[in-house]
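This report concerns only the one structure given below.
Chains as they are written, first to last, in my numbering: chain A, 1073 to 1185; chain B, 15 to 127.
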């Protein structure tokens, strides 16, 4: 069974630039999560989708971050404009049902300089 | 709402036991445990639902005390492969009775030969 796919693996951008991350969850998984993990900290949930609807985006900085999940499958997370403090690993995860076992992708390491 | 984990770090010799604790100031619906090795994505270990159950996974087991809003992860006869950072994640109902998920800050476990 294919796992959660994310791209790119690494990205370096200058502050105030834009960046987008892509995630393809495990087939059939209705729930998709985007997490931000700053070095030395636990993952922080940014947004949770149930199919293509948002169920929790309370910790998403909506002035600069946006996310969408088209047709309830793939998802993209965008940052515009990026700040230095956005440097982190962005993890995508999916689960069969909300609150169930989550499978994580390898993540995208973003460095903002 | 982020759960508190203790200790922050543990160093063990192979074969020794360890306990990692996770506590919340809010009522818990469930507790999840994940292990993350350096540079890798978190990997699911187990979920405990409210009801005070205990679960086991090889030599790794966990308990959930709903009244105390706490969970403990028990690692028995540790192996080198157990090294990594352990995160608990908690589901807490908000005022709309929607379960919100938060990861703790992690416990770094280092098992030495």
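Built from N, CA and C at the ideal position, the CB exists for glycine as well. Keep in mind that this is a model prediction, so the values were computed, not measured.
Residue i burial status per 10 Å Cβ neighbour count (16 or more: buried)
i, result
"residue 114 (chain B)", "buried"
"residue 1156 (chain A)", "exposed"
"residue 1162 (chain A)", "buried"
"residue 55 (chain B)", "buried"
"residue 1100 (chain A)", "exposed"
"residue 108 (chain B)", "exposed"
"residue 72 (chain B)", "exposed"
"residue 1097 (chain A)", "buried"
"residue 1165 (chain A)", "buried"
"residue 110 (chain B)", "exposed"
"residue 46 (chain B)", "buried"
"residue 1158 (chain A)", "buried"
"residue 116 (chain B)", "buried"
"residue 15 (chain B)", "exposed"
Residue i - DSSP class collapsed to helix/strand/coil
i, result
"residue 1107 (chain A)", "strand"
"residue 1135 (chain A)", "coil"
"residue 1157 (chain A)", "helix"
"residue 1143 (chain A)", "helix"
"residue 116 (chain B)", "strand"
"residue 32 (chain B)", "strand"
"residue 1128 (chain A)", "strand"
"residue 43 (chain B)", "coil"
"residue 1123 (chain A)", "coil"
"residue 1168 (chain A)", "coil"
"residue 75 (chain B)", "strand"
"residue 1083 (chain A)", "strand"
"residue 1184 (chain A)", "strand"
"residue 1174 (chain A)", "coil"
"residue 1102 (chain A)", "coil"
Beta-carbon gap between residue i and residue j smaller than 8 Å
i, j, result
"residue 1177 (chain A)", "residue 1077 (chain A)", "yes"
"residue 1093 (chain A)", "residue 1180 (chain A)", "yes"
"residue 38 (chain B)", "residue 83 (chain B)", "yes"
"residue 101 (chain B)", "residue 1114 (chain A)", "yes"
"residue 34 (chain B)", "residue 87 (chain B)", "yes"
"residue 1085 (chain A)", "residue 1160 (chain A)", "no"
"residue 1136 (chain A)", "residue 1151 (chain A)", "yes"
"residue 121 (chain B)", "residue 17 (chain B)", "no"
"residue 1149 (chain A)", "residue 1106 (chain A)", "yes"
"residue 1174 (chain A)", "residue 58 (chain B)", "yes"
Those residues which DSSP pairs with residue i across a bridge
i, result
"residue 37 (chain B)", "B:18, B:84"
"residue 94 (chain B)", "In DSSP, residue 94 (chain B) forms no bridge with anything."
"residue 1113 (chain A)", "Answer is none; residue 1113 (chain A) lacks a bridge partner."
"residue 122 (chain B)", "B:23, B:99"
"residue 107 (chain B)", "B:113"
"residue 1151 (chain A)", "A:1091, A:1137"
"residue 1163 (chain A)", "A:1107"
"residue 1077 (chain A)", "A:1096"
"residue 1118 (chain A)", "Looking at the DSSP assignment, residue 1118 (chain A) forms no beta bridge with any residue, so it has no partner."
Beta carbon proximity, residue i to chain D, threshold 8 Å
i, result
"residue 1093 (chain A)", "Among the chains of the structure shown, chain D does not appear; the protein chains present are A and B."
Residue i Cβ short of 7 Å to the ligand ATP heavy atom set
i, result
"residue 1144 (chain A)", "Absence of the ligand ATP from the depicted structure is noted, as is the absence of any ligand whatsoever, leaving it without description."
Check your understanding: For the segment 107-122 of chain B, which residues have a CB atom closer than 8 Å to at least one CB atom of chain A, in sequence order?
Key -> 112, 113, 114, 115, 116, 117, 118, 119, 120
Practice item. Could you run through the segment 76-91 of chain B and flag, in chain order, every residue whose CB is less than 8 Å away from some CB of chain A? Key: none
Review point. Of all the residues that make up the segment 39-62 of chain B, which are near chain A by a beta-carbon distance shorter than 7 Å?
Key: 44, 55, 56, 58, 61
Check your understanding: Which of the residues in the segment 1110-1128 of chain A, read from start to end, lie with their CB under 9 Å from any CB of chain B?
Key -> 1112, 1113, 1114, 1115, 1116, 1117, 1120, 1127, 1128
Point to revise | Near-chain B residues of the segment 1131-1165 of chain A - C-beta to any C-beta below 7 Å | key: 1163
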